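Worksheet: the structure to be examined is printed underneath.
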Amino acid sequence: MLDKFGIHVIIPGESDCEIVHNIIFEELCFGVVKESSREHYVRIINQMADEGSEGIILGCTEIPLLVNQADVRVPLFHTTELHAIYGVDFSLS
Numbered sequence: 005m006l007d008k009f010g011i012h013v014i015i016p017g018e019s020d021c022e023i024v025h026n027i028i029f030e031e032l033c034f035g036v037v038k039e040s041s042r043e044h045y046v047r048i049i050n051q052m053a054d055e056g057s058e059g060i061i062l063g064c065t066e067i068p069l070l071v072n073q074a075d076v077r078v079p080l081f082h083t084t085e086l087h088a089i090y091g092v093d094f095s096l097s
């Protein structure tokens, strides 16, 4: 990504990746939304912002059920929303 687009990708550490994965597949996929899980996500996102992230891609359709823009200080990019917007733009052009 850096060479092709000038974008440096930052991912959470291994233990935070495991937390993210478990929350998605053990809670969100079953419609379970816990405040403690939201707090984990906010902490991870803010930590990534501290490490230099200028935005966060919410790469799973269930994550917006848990965290929204008002919860964090960096822009969130909802992949489902972006696909819908650009799909409509493409179809209408």
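In terms of the numbering used here, the sequence shown opens at residue 5 and continues consecutively.
Where a beta carbon is used, it is the ideal one built from N, C-alpha and C, also for glycine.
Computed from a predicted model, the values in this text were never measured in an experiment.
On the DSSP letters alone, give me the boundaries of the beta strand (DSSP E) that His-82 sits inside. Segment 80–82, the beta strand (DSSP E) holding His-82.
Can you give me the C-alpha to C-alpha distance between Phe-29 and Ile-49, rounded to a whole angstrom? Spanning the two alpha carbons is a distance of roughly 19 angstroms.
Check whether Gly-59 and Phe-81 have beta carbons under 8 angstroms apart: Going by C-beta atoms, Gly-59 is nearer than 8 angstroms to Phe-81.
Counting C-beta neighbours from all protein chains within 10 Å, is the total for Ser-41 16 or more, i.e. buried, or is it exposed? By the 16-neighbour rule on beta-carbons within 10 angstroms, Ser-41 is buried.
Unbroken beta strand (DSSP E) run spanning Leu-62, endpoints: Leu-62 -> beta strand (DSSP E) spans 60–62.
Can you tell me the Cα-Cα spacing of Ser-97 and Gly-63, whole angstroms? Spanning the alpha carbons of Ser-97 and Gly-63 requires a straight line of approximately 26 angstroms.
If you reduce the DSSP assignment to three classes, tell me which class Ser-97 lands in. The answer is coil: DSSP assigns Ser-97 none of H, G, I, E or B.
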